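Chains as they are written, first to last, in our numbering: chain A, 1 to 149; chain B, 150 to 298. Where a beta carbon is used, it is the ideal one built from N, C-alpha and C, also for glycine. Fair warning: this is a prediction, and the values are worked out from it, not measured in the lab. Below is one structure, written out as C-alpha cells; comments come after it.
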DNA sequence: GTGTCAAACGAGAATTATTATAAAATTATT
DNA sequence: AATAATTTTATAATAATTCTCGTTTGACAC
C-alpha cells in the first residue's frame, strides 16, 4: 500500500504535480476499494469519512488527473455515471468487465483474451490499437446458481 | 427502407406500442444516417427539419423505446453523450467500434470476432453472455496515411 | 362517423453529473 | 519568513437527460 502510494507520488512529481493530502486520501480510498467500480460520488463520500473537509470538485479533479496519468481508468457502463478503476500496475492493457443484468454486479477479467482479435483488427482494418474496452452483459455465476435452487 | 419501417411497426405493435408520426420520423432519420453515431440532440435536430413540431423529450422517449426493443443500441464513447446506433437486422450480436483518438472518427466492425473469447468466458467464468460491447481506441487508417505523407 | 380511453405528445421545469470560477489556503523554494 | 505557483473550497454554471402535467392523438367500439 505505502509503496504503491510512493510510486504514484513519484509519478505525479515527474510531471510536476503534487501529492497533496486530498489527493493522497483519494488514492487511499481507491486502493482500499480496488475490487469495486466507484463513481466520483462514491469516492467523495468515502474520502469524506477520513477527510471531512474535502470538496467534491477536488475529488473530480484528482480522478481526472489520475486518469490522465493512467493510474485509473474512467469507465462508463451506460448508467449515466463515470466509474473509476485502478489499473493493475504494469498492465499493458485495460481489463475487461462482466456486468450482470440481473443483480448489477461487475466482475473483472484480468486476462487479455484479445490478442488474436487485435491482430486481426490491426491487419484487416489498418487500425493501430492503443487501448480497448470490452464489456460483456449477461448473467453472472451467482444469479445462475440462485436459479437452479 | 419502407420494408424496414414496416417491420419495425410490426415489432412495436406486437408489444402494443404505436408507430406514431413522431416515432416514424425518428426512425426515418436513424435509417437515413445508419452509418453515423448520432446523439439524441443530433437526432432531434435532424427530425426537426422534417417535423418541426416535435419535442426533444419525445425524441428521447422514442430512442429509449427503440433501445428496449433492441432496434437501436445505446452506446457511450465516454464523451458524456449517449449515441444511438441502428442494429443490423437479424444480427445476433452488437457490432464493434474503432474510435480514432486523433480525428475522433468512429468506424464499425460488423464481423463477430469474439466467438472464441466468448466461449472462454462462458466456460471459465460461468457467465451467460447476452450481449457485448467492444471498442478499440487507437489511430485509424486515415490518420496513419496522413502521417506518412 | 362519433364517443371513449389509454397512450403519446409538447413545453418547460426539475434533476443529475460534471465543470468552471474566483477568492483563500497551501506548498515548495528562495 | 516572503514569494510565486499550484491547489483547494464553495458556489455558480452548464449540459444531458428525465419528469410533470395539461393537451392531443390514435385505435377501437358503437
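query                                                                                                                     : result
Identified DSSP bridge partners for residue 246 of chain B                                                                : B:257, B:284
Proximal residues to residue 165 of chain B (C-beta, below 6 angstroms), its chain only, five neighbours per side dropped : none
Residue 166 of chain B (DSSP reduced to helix, strand or coil)                                                            : coil
Start-end ranges of the alpha helix (DSSP H) lying completely within the stretch 33-77 of chain A, minimum 4 residues     : 40-50, 56-68
Assigned exposure category for residue 231 of chain B - 16 Cβ within 10 Å defines buried                                  : buried
With 16 other Cβ atoms within 10 Å as the buried cut-off, status of residue 133 of chain A                                : buried
Which of helix, strand or coil DSSP assigns to residue 179 of chain B                                                     : helix
Neighbouring residues, chain B, relative to residue 81 of chain A (Cβ below 7 angstroms)                                  : Neighbours of residue 81 of chain A on chain B: none; closest Cβ ~11 angstroms, over 7 angstroms.
Same chain, Cβ closer than 7 angstroms to residue 38 of chain A, neighbours up to 5 away in sequence not counted          : 83, 84
Cβ-Cβ distance between residue 113 of chain A and residue 266 of chain B below 8 angstroms                                : yes
Partners in chain B for residue 130 of chain A, counting only beta-carbon separations shorter than 9 angstroms            : 250, 285, 286, 287, 288
Where residue 145 of chain A sits in the DSSP three-state scheme                                                          : helix
C-beta atoms of residue 175 of chain B and residue 208 of chain B nearer than 8 angstroms                                 : yes
Extent of the continuous alpha helix (DSSP H) run through residue 228 of chain B                                          : That residue, residue 228 of chain B, is in no alpha helix (DSSP H); it is neither H nor E in DSSP.
Status (buried if at least 16 other CB within 10 Å, exposed otherwise) for residue 103 of chain A                         : exposed
Boundaries (first-last residue) of the alpha helix (DSSP H) holding residue 118 of chain A                                : 115-124
Best match in A:110, A:32, A:51, A:100 for proximity to residue 90 of chain A [C-alpha to C-alpha]                        : A:110
Sub-8 angstroms separation of residue 243 of chain B and residue 256 of chain B beta-carbons                              : no
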